[in-house]
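Novice: For reference, each letter of the sequence shown is one residue, going 1 to 426 in UniProt numbering.
By construction, the Cβ of each residue, glycine as well, lies at the ideal position given by its N, Cα and C atoms.
Every value quoted in this text rests on a predicted model; they were computed, and no experiment measured them.
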Amino acid sequence: MKSQTIAPKRWWFIMPIVFITYSLAYLDRANFSFASAAGINDDLGITKGMSSLLGALFFLGYFFFQIPGAVYAERRSVKKLIFWCLILWGGCASLTGIVSNIPMLAAIRFVLGVVEAAVMPAMLIYISNWFTKSERSRANTFLILGNPVTVLWMSVVSGYLINSFGWREMFIIEGFPAVIWAIAWWFLVQDKPAQAKWMSDEEKAALQAQLQKEQENIKAVRNYGEAFRNRNVIILCMQYFAWSIGVYGFVLWLPSILRNGTQMGMVEAGWLSAVPYLVATIAMVVVSWASDKTQNRKLFVWPLLLIGALAFLGSYLAGSSNFWLSYALLVIAGGAMYAPYGPFFAIIPEMLPRNVAGGAMALINSMGALGSFVGSWIVGYLNGATGSPAASYIFMGAALLASVWLTLIVKPATSKTPPFHGVKPA
1 MKSQTIAPKR WWFIMPIVFI TYSLAYLDRA NFSFASAAGI NDDLGITKGM
51 SSLLGALFFL GYFFFQIPGA VYAERRSVKK LIFWCLILWG GCASLTGIVS
101 NIPMLAAIRF VLGVVEAAVM PAMLIYISNW FTKSERSRAN TFLILGNPVT
151 VLWMSVVSGY LINSFGWREM FIIEGFPAVI WAIAWWFLVQ DKPAQAKWMS
201 DEEKAALQAQ LQKEQENIKA VRNYGEAFRN RNVIILCMQY FAWSIGVYGF
251 VLWLPSILRN GTQMGMVEAG WLSAVPYLVA TIAMVVVSWA SDKTQNRKLF
301 VWPLLLIGAL AFLGSYLAGS SNFWLSYALL VIAGGAMYAP YGPFFAIIPE
351 MLPRNVAGGA MALINSMGAL GSFVGSWIVG YLNGATGSPA ASYIFMGAAL
401 LASVWLTLIV KPATSKTPPF HGVKPA
């Protein structure tokens, strides 16, 4: 039985759950950008420099708790971990709406990062338990689509909520769905295929056989220490750090950049902020499909990051006097930065065995969180210090160029089968 034909119902049962869960996580981290554009700084007396630090504090908490969360998910239970994370991050998000001072806001942003830290690596581990190598890029993409699709609708909804009520009510309202979803998650999710009542015994056996066969073809790695010292893992950590500088500098400050460009209202900024994520959603689906079809991962990562870098630099050259040209290039940059996520996160499970792959993905994602902290802080600082996004475009473009070079120097995996950047055998 071919792996592509094993229990197609897995896609219909698992992917909606994965997508909704990550969407809610992303909603509660990204709506801070709209509060920043809508007056939270004036209401709480936050300076421009402090605003960029507060926006970035989430990623500092996110950085420190990636690996412990992944180890728990890998050795114990993704189901239990995500259940409690959903309740806690929804609560923290809603509490943001009642803050009265800067220290309280800083503490909540940091704790929100801590609570959400385990989500990404745990969900990647979950996917690796249910989907084969030839499916993994697409499965990862359905997970990470929760990022741009959420920002797409959140940009519009948050704009209307702020316009109708205010930034406090936006936080309170948008925190509740995660808590409600925790209940659904508990009853819908099983950690492993063997526990699924909706799969036949034959389907479970076929899937387990395929996953086990793939593990047999990967070079053994004894422990996390050996995995973390792997040359490719170190390079991918640096690559994801640089890539995330561009992504999160863009996500957290796009509404403010747009409002400063034309002095538009929050509803208009919301609609314009949504467009890059629509482009990103389409690009991610196409790129992940092509990556799984060819089994060529690197080819669907570095060229797109290069396009993103050039688009940022082009937006800088266009200048604030050419708002619509600059905006069009930002749309291209946003789409290009998001498109490679599926292929990128398919690389590690194809290089490292299951006993350490989750920890390695957590390490890489934690470095991405550190890059997100640096990107969101420095982009916010540059925008405030210069009164223009021009310096930010250069900074984000340079970071993406560094990520392109680092992707290119990743070496083929050492295994008994063709490496992750090769062509899929017949």
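Rounded to whole angstroms, what is the Cα-Cα separation between Y72 and G225?
Specialist: Looking up residue 72 in the sequence shown gives position 72. Looking up residue 225 in the sequence shown gives position 225. Y72 and G225: Cα-Cα distance of roughly 17 Å.
Novice: DSSP on M1, reduced to helix/strand/coil?
Specialist: By 1-based counting over the sequence shown, the position of residue 1 is 1. Bear in mind that the predicted position of M1 carries a pLDDT of just 40, short of 50, making it too unreliable to give a figure here.
Novice: Out of P68, A122, N217, W89, state which residue places its alpha-carbon closest to the alpha-carbon of W181.
Specialist: On the sequence shown, position 181 is the one that residue 181 refers to. Of the candidates P68, A122, N217, W89, the one whose C-alpha sits nearest the C-alpha of W181 is W89.
Novice: By a C-beta neighbour count over all protein chains shown, 10 Å radius and 16 as the cutoff for buried, is R76 buried or exposed?
Specialist: Within the sequence shown, the letter at position 76 stands for residue 76. With fewer than 16 other Cβ atoms within 10 Å, it is exposed.
Novice: Taking its Cβ as the centre, do 16 or more other Cβ atoms sit within 10 Å of F323, making it buried, or is it exposed?
Specialist: For this step, residue 323 is matched to residue 323 along the sequence shown. Answer is exposed; the Cβ neighbour count stays below 16.
Novice: Just to confirm before moving on: does the CB-CB distance between V233 and I127 stay below 8 Å?
Specialist: The residue given as residue 233 occupies position 233 in the sequence shown. The residue given as residue 127 occupies position 127 in the sequence shown. Cβ atoms of V233 and I127: not closer than 8 Å.
Novice: Apart from the five residues just before and just after N41, which ones in its own chain have a Cβ nearer than 7 Å to its Cβ?
Specialist: Here residue 41 corresponds to residue number 41 of the sequence shown, with the count starting at 1. Excluding positions up to five away in sequence, the list reads S51.
Novice: Of the choices M170, S100, R229, L400, whose alpha-carbon is the least far from that of G246?
Specialist: Here residue 246 refers to the residue found at position 246 when the sequence shown is read from its first residue. Taking only the C-alpha atoms, the option nearest G246 is L400.
Novice: Grab me the residues of V279's own chain with a C-beta within less than 7 Å of its C-beta, minus the 5 sequence neighbours each way, in chain order.
Specialist: Mapped onto the sequence shown, residue 279 falls at position 279. Excluding positions up to five away in sequence, the list reads V331, G334, G335.
Novice: Find the nearest neighbour of G342 within the set L310, R297, L112, judged by alpha-carbon distance.
Specialist: Stepping through the sequence shown from its first residue, residue 342 is reached at position 342. The option with the nearest alpha carbon to G342 is R297.
Novice: Figure out for me which residue from A184, W243, K204, S36 has the closest Cα to the Cα of S372.
Specialist: Translated into positions along the sequence shown, residue 372 becomes position 372. Comparing Cα-Cα distances from S372 to each of A184, W243, K204, S36, the minimum goes to W243.
Novice: Give me the Cα-Cα distance between L112 and F65, rounded to the nearest whole angstrom.
Specialist: As a position in the sequence shown, residue 112 is number 112, starting the count at 1. As a position in the sequence shown, residue 65 is number 65, starting the count at 1. The straight-line gap from Cα to Cα measures roughly 11 Å.
Novice: Should the stretch 89–102 be regarded as contacting the stretch 308–322, the criterion being three or more beta carbon pairs within less than 8 Å?
Specialist: No, they do not touch.
Novice: By how many angstroms is the C-alpha of Y327 removed from the C-alpha of A274?
Specialist: Sequence index remark: in the sequence shown, residue 274 carries index 274 (1-based). Sequence index remark: in the sequence shown, residue 327 carries index 327 (1-based). Cα to Cα, A274 sits roughly 12 Å from Y327.
Novice: Excluding the 5 residues preceding and the 5 following G49 in the sequence, name in chain order all residues of the same chain whose CB lies nearer than 7 Å to its CB.
Specialist: Translated into positions along the sequence shown, residue 49 becomes position 49. Counting only Cβ-Cβ distances below 7 Å, and skipping sequence neighbours, we find Y381, G384.
Novice: According to DSSP, is K197 helix, strand or coil?
Specialist: Locating residue 197 in the sequence shown gives position 197, where the first residue counts as 1. DSSP places K197 in coil when its eight states are reduced to three.
Novice: For the alpha helix (DSSP H) holding S372, just list the boundary residues, first then last.
Specialist: Position 372 of the sequence shown, counting from 1, holds the residue named residue 372. It spans 354–386 - the alpha helix (DSSP H) in which S372 sits, taken as one unbroken run.
Novice: Take P398 and list the residues in its own chain whose beta-carbon comes closer than 8 Å to its own, dropping the five residues that flank it on each side.
Specialist: Numbered from 1 along the sequence shown, position 398 holds the residue referred to as residue 398. According to the sequence provided, residue 398 is Ala. The question's Pro does not apply to it. Within the same chain, A398 has close Cβ partners A309.
Novice: Please state whether the Cβ-Cβ distance between R138 and W302 is less than 8 Å.
Specialist: Reading the sequence shown from its first residue, position 138 is the one you call residue 138. Reading the sequence shown from its first residue, position 302 is the one you call residue 302. No, these two residues do not count as a Cβ contact at 8 Å.
Novice: Taking N365 as the reference, which of T386, Q295, A117 has the closest Cα?
Specialist: Residue 365 sits at position 365 when you count from the first residue of the sequence shown. For N365, the nearest C-alpha among the options comes from A117.
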